[in-house]
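Enquirer:
Chains as they are written, first to last, in the working numbering: chain A, 1 to 281; chain B, 1 to 337; chain C, 1 to 326; chain D, 1 to 666; chain E, 1 to 143.
In structure tokens form, the structure reads like this:
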């Protein structure tokens, strides 16, 4: 067979790792760089896309790429420790090898959004697929009207990408709103659930695109509240996740209704999504 | 396309010419038939009925090594697929199923393993003169002598086989055995037509799928899904024996430092199939899984590839341990529309 | 068997407020098929059937119920489940009670004394299945096939299912309501299947089972149909640790089948369902019956007959055989 | 913090103990190639201080978090290395040892083979150590009190020792008085002290000791919990006599309408007592008890015009309304001192114990020679209707001992000596009696025993080696049929009195205690100790100890010694005030447990119970482990069909990779 | 069977009796074949019978399980469970054609160093007779 085999991953080296959160299901971020220079230069992902990452002898897992292509010739993955593969991934340290294939799926149509105000609404590890959009907008600041980020988690310890928020609030036209479920000492931001915070901020639907990602229950209420705020279905985007094995629309399992999340998704506009019966199952 | 005739007296000779070429044919093992390699001096007899396990495993093995590697090393060695093979006696429905599955495996990104095997196999079909009890291929655009997907079709005319070449691969095969063949005359062609129409008449079951692909979304919450799936055991019989089911799992296996990544059939009827690591399952019960199976075949696949992913071979009906009958389900679906 | 009585009894049971549904058999969609049916109202009871074609062991549905997460505040449906059982099926119910698989007070067992069911494969071999559903009835010692207005006598010794030849409990060992008269237990046949294998030497056995297990396609119907395979998360599906690889080949298939048979040792109630449903025709019954016989002969234990019994695999006797110990 | 296992492998030369047969350098080189192994070294003595320092330094320098020591048996040095890595800041359970000495270098000769095997053992250890989990041992408070079941000499002695050490003792006795079997004895061998004289003070002490709560005429109903924290329920049976009011004057018994009608248990049925009674004059507590089975009022509801006892009791202590009372308390340790039953001689019908009044048991003989006994110490027996002073006396030893036909293969250890003692006492009381002892062997193994045996023989007691086959009556004599096996002479010996030297048997009611405390029996049916040599007073249930004859036949000094041993063992948790709970216990995965209860059945420690939990809105049963009771044996796990219960450090997912390493790696 | 075939034996020993017995064999410098490799478990009752299957599948030619003598189990009853489980497994394995010579169970107490040697010798010898285990061993040929 040939080098065309889409199931064969590229080797990449872990350059840097850090923990975003703690606990049993902690999230660890990996910054990886492909070993092969050609791969490095030819790799081209868009915000919202995923990659199959894994370890030979253990397996693979579909993870969203949590960096924007504008950030440099590297990839970032923020992985929650859950099953066999993610546990093994968590054992990787700088210098170790990770296998990567992709990028998979569609992406946020960021280039169709030029001139718009972007609103991201994220919860927990759901911020990972949103982060590339944030970074992309930051890198192409002149092309967008502005960006508002709402991000919440159960506790301050469960927030990912913590170091990046301060700097963001300082930039013009960008704003960052953080919330946690329960009051904590020293927490200088909002307390409450993400959907409520959305209502409280009362963003205008005009010329705005909303993208949201987080736990299913959060998404449900965010969608509900977005409707209350007057957003049209076409203005709302989210990403889905399902169990995947191949990443290229063959293995069958990731379908939500007639859509393969790995190919037709993971990004869906609510206009499409609302007709997919299994989307929120 | 040409039509040739092979006198059955020359059958052993015909086989003899093919056995060196990795010939596979149906073989009775116990009570069930399945495709097996034909040994050197073996002369397979083609009998009525279809194999219990569809020949999809020829192009999509139940377990297939994708690549091997050494633990701690990053060199991945793919298996070399280069041996051509001949599948003799495949039924038209199963060949048609391959055409249907081809669409998926070549959709957007090519699946190298499947497509390579497809390329290497020559499908020599055998028209059905005695369709099975639960055959309903005619409802789905197939038929006892449908040629879709075949390279060569054989029709049993009693004392001889009519050989119709369909593709260049088929022609190539025929040319290798040409000295055993004679040109078929019009009478034989007529005999074939008669046999086929008689055979069609023997097919008792049917599905009226008109309106089903479009109608299924509207039946999403219909109580019928609960009732048709109530007795389902959640086993993989229906899907594993289905010639169009193509789902697979990918696993890494290690033995010492030796390891491989391989894929193996999986079934949407298994609970584990869609189970997230978090414990959440988007299709938590057999109701959702049965609904997905029917929708996948009669709705999603149609949406994507414009063809129903069912060829009416009847295997899932024959072997369901609890008599869940797809024809019956589709009848109820139709009724509910 | 008086079907009217059965249907009437069933109708009385299903209308009870504390009953969720009754699981029974109904005529299948063609040939000799019989389908399990979940009767929820009195009218549904009219479909019920009890005939020599009712091979399926419905006890499996007691544990097959999926307990999906309930929305907060929603109560689980705690109504009872009624089911029809033959002798062998009732042993499954009993064994489930022993293993806490079900609560005795959560089931209503409607016992159907069973003179033995037919081997539908043998029947189909001799009298091929038709598109139209056929009926088979008990007729004295024998069975009778009703098809196309024709009655064909089916001699018992030719058509009785293997599991029934070896059945020790034709009458339900546990039941809340019994429909029909108890049947006389019959003389047991020899277990030729098991003995045939015991008569082979090791190489022959190895060859025999290699051929059989190689056929396995790991569809898991044997496991899923088994009323006593009811772990939420079967160890043979698990990947951490991996007992059996997912790959389908002789080695893994053998491991799967050995593990399955071992887990059923002292638990299998010999209903023969695993063997019946196997699409690859692997004689799984021989494995299970072999173990059941060892358990009976060497350890004096028979599962599924006493709801108060200590589970075989969770007990021992100080004088258990130990002739194999060095 | 890292999830990555970083393994250090330390291969020990053990001087030349290992390195003479195993090429340790090769093993270390091989280890370095195994996954996650960062460091592999050899050293002459890993267990030495420098060896341990080597490991500790590597842990710090290389960030190692898993350690393998390939050296001697883990049974030898596992604690050493656990401690060492703990001192370096690692969890002590991140250690695995490869036994390449006892099970490799010392047992194999071929260097190549031994080296190859060592490699595999190291690979297997690496496979496991990567997957080990950090474990924490826990401590719980221990209740500074003890429960002692049975107030014979063993129970009394243990109670006094523990109470003297300052701990509370609950002493539970089934009968109305403490004292047990020893109180029934006349003299003790070989010193011939008066049994009552040495026992009574102790009985009195234990009743008056401020730290002892004596619960006589009481039975333990329930014991739950575990070492340090046993929850005990005791049933104080109704005496129908107000314990506080009764002065022990005895007026009631004297006036009882059924006075002296019932066989006295204390006198082995040879004396009589009333329905209201004191078991024996020195009984402690000196409180009367109404036997509900013999009292007219309690059995028939009526006793003349009214119960006489009630009438005469000046203290107004009689109370027929009294009911059983349940007392609950907590203790940290339990001592079982339930004693024995004398062998029931009627199980040897050939000796005619049921047929002839002048065939009596050793226990009856004790009462007969006792000054406080039914005959006031005169040796008199009925021969038929006639009361005689026996002149021809035969003792038969090993009745019910060393006798497979009655299921007792063991030696009762005391019969040889008590028979000698009783022969001596008869010689004392009937100087002209002809005394012979039929024996199989004479076992005079204790301090002063052989001397005493010699003395008795010198007192003209004939020892005849033979095991009588039958006793029958001929005229007014009993005939002992026996073969003198030393001379091979069949004898028919005519005698007036036969004393059966009955052995000691486990108590008939020991099953109750076994069930209460989940104790086991040894093959002789006495309670099973934890180890026959090294833990003779411990049981498999932690915090439960054995004292006295419930563990096996013993004489008084052995019983007292064991009671003191049990007392001091029981005091360990009490004195520490804490008990350690093992970290290597079983754990249930509640998500996959199907609640079948197999593990509950299997667990020998009742450490597992089924509990109801809510699983996504459904009530389901799952197993739960009481970590304080679990010993980590793992039997539950091998019996769990869904692999849901797993012993920590010995989980399937830790052992299967070991198997793979041993099987696959060449 | 190759001339210099050496069987590969995996043994499961309980910590308290058999492992100690094997240690004693070492202390007593009793020599026995090196084919045996021990996995220590706390009790023979810990040995999941499926370990035996797994070991054979993964390359062992023979398996040995050894525990305390009946009645001597450190955990009172574990070896009784082990005995019942292994008795059943042995019947099953034999039935599917696994040579019983590949599978042994023994009682070896902490004081029976010599018995341990005998047990090992017997196990190795029988496994040698039975030859390399092909049966359902995982084979690369399938890969």
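Where a beta carbon is used, it is the ideal one built from N, C-alpha and C, also for glycine.
What residue range does the beta strand (DSSP E) around residue 39(E) cover?
Expert: 36 to 41 is the extent of the beta strand (DSSP E) around residue 39(E).
Enquirer: Are the C-beta of residue 593(D) and some C-beta of chain E separated by less than 8 Å?
Expert: For residue 593(D), the answer is no, since every Cβ of chain E falls outside 8 Å of its Cβ.
Enquirer: Answer yes or no: does any C-beta atom of chain A fall closer than 8 Å to that of residue 3(D)?
Expert: Chain A, which has a Cβ nearer than 8 Å to the Cβ of residue 3(D), makes this yes.
Enquirer: Mind pulling the chain D residues with CB within less than 8 Å of residue 211(B)?
Expert: Those do not exist, as residue 211(B) stays about 38 Å from chain D at its closest Cβ, beyond 8 Å.
Enquirer: Cα-Cα, which of 59(E), 79(E), 67(E) is closest to residue 604(D)?
Expert: It is 79(E) whose Cα lies nearest to the Cα of residue 604(D).
Enquirer: Going along chain A, which residues have a C-beta under 7 Å from residue 43(B)?
Expert: What residue 43(B) touches in chain A: nothing, since even the nearest Cβ is about 35 Å away.
Enquirer: With respect to the alpha helix (DSSP H) encompassing residue 192(C), which residues constitute its N-terminal and C-terminal limits?
Expert: 192 to 198 is the extent of the alpha helix (DSSP H) around residue 192(C).
Enquirer: Assuming residue 68(A) and residue 145(A) are in contact, meaning their beta carbons sit under 8 Å apart, how far apart are those beta carbons, in whole angstroms?
Expert: Rounded, the Cβ-Cβ distance is 18 Å, inconsistent with contact.
Enquirer: With a threshold of 8 Å between beta-carbons, can residue 677(D) be considered close to chain B, or not?
Expert: This structure does not reach residue 677(D), given that chain D is present from 1 up to 666, and the question cannot be answered.
Enquirer: Any Cβ of chain C within less than 8 Å of the Cβ of residue 81(E)?
Expert: Yes, because at least one Cβ of chain C sits closer than 8 Å to the Cβ of residue 81(E).
Enquirer: Using a Cβ cut-off of 7 Å, pull out every chain C residue sitting near residue 89(E), in sequence order please.
Expert: Ordered by position in chain C, the residues that pass the 7 Å Cβ test against residue 89(E) are 262.
Enquirer: Consider the Cβ of residue 137(B): report whether some Cβ of chain C lies at a distance smaller than 8 Å.
Expert: No, no contact with chain C.
Enquirer: Go through the segment 235 to 270 of chain D residue by residue and report every complete run of the alpha helix (DSSP H) that reaches 4 residues or more, in order.
Expert: For the segment 235 to 270 of chain D, whole alpha helix (DSSP H) runs of length 4 or above, ordered along the chain, are 251 to 255.
Enquirer: Who pairs with residue 10(A) in a beta bridge, going by DSSP?
Expert: Per DSSP, 100(A).
Enquirer: Below 7 Å between beta carbons is the criterion; list the residues of the segment 305 to 324 of chain B that meet it against any residue of chain C, in chain order.
Expert: The residues in question are 319, 321, 322, 323.
Enquirer: Between residue 134(C) and residue 57(C), what straight-line distance do the alpha-carbon atoms span, to the nearest angstrom?
Expert: Spanning the two alpha carbons is a distance of roughly 20 Å.
Enquirer: Could you tell me the distance, in whole angstroms, from the CA atom of residue 114(D) to the CA atom of residue 119(C)?
Expert: Approximately 59 Å, taken between the alpha carbons.
Enquirer: My output table needs one value for residue 298(D): the three-state DSSP class, helix, strand or coil.
Expert: The answer is helix: DSSP assigns residue 298(D) an H, G or I state.
Enquirer: Could you name the residues of the segment 7 to 41 of chain C whose beta carbon sits closer than 8 Å to any beta carbon of chain B, in the order they occur along the chain?
Expert: Cβ contacts with chain B come from 28, 29, 30, 31, 33, 34, 35, 36, 37, 38.
Enquirer: In this structure, does DSSP put residue 605(D) in helix, strand or coil?
Expert: Three-state DSSP puts residue 605(D) in coil, outside helix and strand.
Enquirer: So with Cβ pairs under 8 Å, would you call residue 277(C) a contact of chain B?
Expert: Taking Cβ atoms only, chain B reaches closer than 8 Å to residue 277(C), which makes this a yes.
Enquirer: Is the beta carbon of residue 19(E) closer than 8 Å to that of residue 75(D)?
Expert: Yes.
Enquirer: Run down chain D in chain order and give the residues with a C-beta less than 7 Å from the C-beta of residue 233(C).
Expert: Going along chain D in sequence order, the residues near residue 233(C) (Cβ under 7 Å) are 592, 642.
Enquirer: Residues of chain C with CB under 8 Å from residue 70(E), in chain order?
Expert: The contacting residues are 318, 322.
Enquirer: Would you kindly work out how many angstroms separate the C-alpha atoms of residue 333(B) and residue 286(B), rounded to a whole number?
Expert: Answer to the nearest angstrom: the Cα atoms are 17 Å apart.
Enquirer: So that I know if they touch, is there some Cβ in chain D lying closer than 8 Å to that of residue 130(E)?
Expert: Not one chain D Cβ lies under 8 Å of residue 130(E).
Enquirer: Shorter than 8 Å from the beta carbon of residue 93(A) to some beta carbon of chain D?
Expert: Yes, residue 93(A) lies at the interface with chain D (some Cβ there is under 8 Å from its Cβ).
Enquirer: Count the other CB atoms within 10 Å of the CB of residue 267(D); is the residue buried (16 or more) or exposed (fewer)?
Expert: Classification for residue 267(D): buried.
Enquirer: Looking at C-alpha atoms only, which residue of 108(D), 28(D), 39(D), 290(D) is the closest neighbour of residue 5(D)?
Expert: It is 39(D).
Enquirer: Pair every Cβ in the segment 251 to 267 of chain C with every Cβ in the segment 156 to 174 of chain C, then say whether three or more of these pairs are closer than 8 Å.
Expert: No, they do not touch.
Enquirer: State the Cα-Cα distance for the pair residue 103(C) and residue 224(D), rounded to the nearest angstrom.
Expert: Approximately 27 Å, taken between the alpha carbons.
Enquirer: At a CB-CB cut-off below 7 Å, which residues of chain D make contact with residue 45(A)?
Expert: What residue 45(A) touches in chain D: nothing, since even the nearest Cβ is about 27 Å away.
Enquirer: Buried or exposed: where does residue 135(E) fall if 16 or more other Cβ atoms within 10 Å of its Cβ makes it buried?
Expert: Residue 135(E) should be labelled buried.
Enquirer: Whole angstroms is fine: what's the gap from residue 342(D)'s alpha carbon to residue 284(D)'s?
Expert: Approximately 23 Å between the Cα atoms of the pair.
Enquirer: Counting pairs of Cβ atoms below 8 Å between the segment 558 to 573 of chain D and the segment 515 to 531 of chain D, do you hit three or more?
Expert: Touching, no, given that fewer than three Cβ pairs across the two stretches are closer than 8 Å.
Enquirer: Per the DSSP calculation, residue 26(B) is bridged to which residue(s)?
Expert: DSSP output for residue 26(B) lists 35(B) as bridge partner(s).
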